[in-house]
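All remarks here apply to the structure that follows.
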Amino acid sequence: MDSIRIFGYKSFKKLSVQLHPINLLIGANGAGKSNFLSLFEMLGNIYEKRLGAYVAQVGGVDKLLYQGRKVTDRIAVNLLIAKSEYDLALLEADGKLIVEREVVGCYDDVCPLDLVRKNVITEYQSESSLKDHKEEDLSNYISQIRKFHFHDTGRRSPFTADSHIVNDAYRMYEHGENLAAILYRIQREKPVAYRRIIRVIQSVAPYFSDFYFQPTEADMVRLQWQDKYSSMIYGPTDLSDGTIRFIALTVLFMQPWLPRVIIIDEPELGLHPVAIEKLSGLIKMAAQKGTQVIVATQSAELISNFEPEDVLTVNQNEDGTTINRLNSEELAHWLEDYTLGDLWKQNIMKGGQPR
Numbered sequence: 247m248d249s250i251r252i253f254g255y256k257s258f259k260k261l262s263v264q265l266h267p268i269n270l271l272i273g274a275n276g277a278g279k280s281n282f283l284s285l286f287e288m289l290g291n292i293y294e295k296r297l298g299a300y301v302a303q304v305g306g307v308d309k310l311l312y313q314g315r316k317v318t319d320r321i322a323v324n325l326l327i328a329k330s331e332y333d334l335a336l337l338e339a340d341g342k343l344i345v346e347r348e349v350v351g352c353y354d355d356v357c358p359l360d361l362v363r364k365n366v367i368t369e370y371q372s373e374s375s376l377k378d379h380k381e382e383d384l385s386n387y388i389s390q391i392r393k394f395h396f397h398d399t400g401r402r403s404p405f406t407a408d409s410h411i412v413n414d415a416y417r418m419y420e421h422g423e424n425l426a427a428i429l430y431r432i433q434r435e436k437p438v439a440y441r442r443i444i445r446v447i448q449s450v451a452p453y454f455s456d457f458y459f460q461p462t463e464a465d466m467v468r469l470q471w472q473d474k475y476s477s478m479i480y481g482p483t484d485l486s487d488g489t490i491r492f493i494a495l496t497v498l499f500m501q502p503w504l505p506r507v508i509i510i511d512e513p514e515l516g517l518h519p520v521a522i523e524k525l526s527g528l529i530k531m532a533a534q535k536g537t538q539v540i541v542a543t544q545s546a547e548l549i550s551n552f553e554p555e556d557v558l559t560v561n562q563n564e565d566g567t568t569i570n571r572l573n574s575e576e577l578a579h580w581l582e583d584y585t586l587g588d589l590w591k592q593n594i595m596k597g598g599q600p601r
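Residues are numbered in this note's numbering as their position in the sequence shown, beginning at 1, plus a constant of 246.
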């Protein structure tokens, strides 16, 4: 994605932001970081024709409209992706959201012959038509904007779930519930990539030996592992919270089948400083392979491993949430002696602080 414009969504009255290969969002609690990430979750549900179900799931239209329906009656989103453009307008109607207008096109000087500059594909319908649209590049791109959230590591966490070695192995799920199936597929189809994943995990958890896969007759597999010191078979609950999260993050960013966009909220939770440094490298590696990464973080250690232009500050005022990208030139003098994380903690950089 080159840029996104948002109108009337949650804490965003009006927003326009340019997006880079790496985008780290920092800001005070409640500033709007998670709201920004949730927009892509909504777009994914709209693409899958689940707008109505999604509105009900989040608690109704007032949870999505800026200051509720008494103030805002529509949400508008504009995405610029390579040479393609996607416009979406959602209208509140009788306590629901409908697709008021959905437009695809291109904004490059030379458009493909089979793509008109502006093509209205949906008007006043309950669900989107994008998934059925002939402009496959744009449709495929939006289908590969994936949001992830690995916070739950308890005894009944998604990591403890069984997953099917075929049906659940196409893409990594939002909460990591098919981690075992993804790893099993990588081990069988991409052994070199699998060994790299194991080495990265061992760099943070030196006692870790390998995963142990034993598919059932129904082709179900669960996440199990072995250490270097015994023949015992362990499960995910035998790992620390930080270790299981780091394993999921390693697989997410090192998998051979990277999505076009990875969106993740506070990946640093529970991670050792060394693991945070490793995570920074994983993010950079995925970006170098062409995957755009959007992260909301509260970690000064994490942002210290990146350039100022990779970091966006999120703030909220009487006009809603604003997002601004840091500038190397403005911080050059300070960065001679301090890290980005230091500048953030000392309230030297513009934005991203409680007020």
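Yeah, the Cβ is synthetic: ideal placement off N, Cα and C, and Gly gets one too.
- By DSSP's assignment, GLN472 forms a beta bridge with ASP456.
- About 6 angstroms separates the beta carbons of GLY341 and VAL307, which is inside the 8 angstroms limit, making them a contact pair.
- Cα atoms of ILE510 and LYS364: separation of roughly 32 angstroms, rounded to the nearest angstrom.
- Ranked by Cα distance from ALA277, the options ILE569, ARG441, VAL497, VAL323 are led by ILE569.
- Distance between ILE493 and GLY314, taken at the CA atoms: about 39 angstroms.
- Taking all protein chains shown into account, VAL366 has fewer than 16 neighbouring C-beta atoms within 10 Å of its C-beta and is therefore exposed.
- Separation of GLN562 and VAL263 (C-alpha to C-alpha, rounded to the nearest whole angstrom) is 15 angstroms.
- For LYS259, there is no enclosing alpha helix (DSSP H); the enclosing beta strand (DSSP E) covers residues 258 to 264.
- DSSP places PHE282 in the uninterrupted alpha helix (DSSP H) bounded by 279 to 293.
- The alpha carbon of HIS395 has as its nearest neighbour, out of ASN269, SER284, LEU577, TYR480, the alpha carbon of SER284.
- ASN551 sits in coil when the DSSP states are folded into three classes, being neither helix nor strand.
- Under the three-state reduction of DSSP, GLN538 is assigned to strand.
- Taking 8 angstroms as the cut-off, the Cβ atoms of VAL467 and TYR440 do not count as close.
- Linking GLU553 to SER477 through their CA atoms gives a straight-line distance of about 44 angstroms.
- Counting along the chain, ARG571 sits inside the beta strand (DSSP E) bounded by residues 566 to 571.
- Counting C-beta pairs with one atom in each stretch, the segment 266 to 273 and the segment 317 to 330 have fewer than three that are closer than 8 angstroms, which means they do not touch.
- Between HIS421 and PRO437 the beta-carbon gap is near 27 angstroms, outside 8 angstroms, which marks them as no contact.
- Contact annotation: the segment 406 to 426 does not touch the segment 536 to 548, with fewer than three C-beta pairs closer than 8 angstroms.
- Here the segment 522 to 534 does not lie against the segment 399 to 415, with fewer than 3 beta-carbon pairs under 8 angstroms apart.
- Apart from sequence neighbours up to five positions away, the residues of its chain that approach TYR293 with a beta-carbon distance below 7 angstroms are SER374, LEU376, LYS377, ILE388, SER389, ordered along the chain.
- For VAL317, the number of other beta carbons within 10 angstroms of its own is below 16, and it is reported as exposed.
- Straight-line spacing of the CA atoms in GLY516 and MET418 works out to 21 angstroms.
- For ARG251, the enclosing beta strand (DSSP E) starts and ends at 249 to 255.
- Within the segment 361 to 429, the complete alpha helix (DSSP H) runs of at least 4 residues fall at 382 to 389.
- With 16 or more other Cβ atoms from the protein chains shown falling within 10 Å of its own Cβ, ALA533 counts as buried.
- The shortest CA-to-CA distance from ALA546 to any of LYS474, PRO513, SER574, LYS530 is the one to PRO513.
- Here ILE479 is near TYR458, since their CB atoms are less than 8 angstroms apart.
- Of LYS256, LEU265, PHE258, the smallest CA-CA separation from SER249 is found for LEU265.
- For LYS329, the three-state secondary structure derived from DSSP is coil.
- Contact check for LEU586 against ILE529 fails: the beta carbons are separated by 8 angstroms or more.
- Only residues of its own chain outside the window of five on either side were considered, and among them ALA546 have a CB closer than 6 angstroms to the CB of LYS591, listed in chain order.
- ARG491 is classed as buried because its beta carbon has at least 16 other beta carbons within 10 Å across all chains shown.
- According to the DSSP assignment, THR496 belongs to the alpha helix (DSSP H) that extends over 487 to 500.
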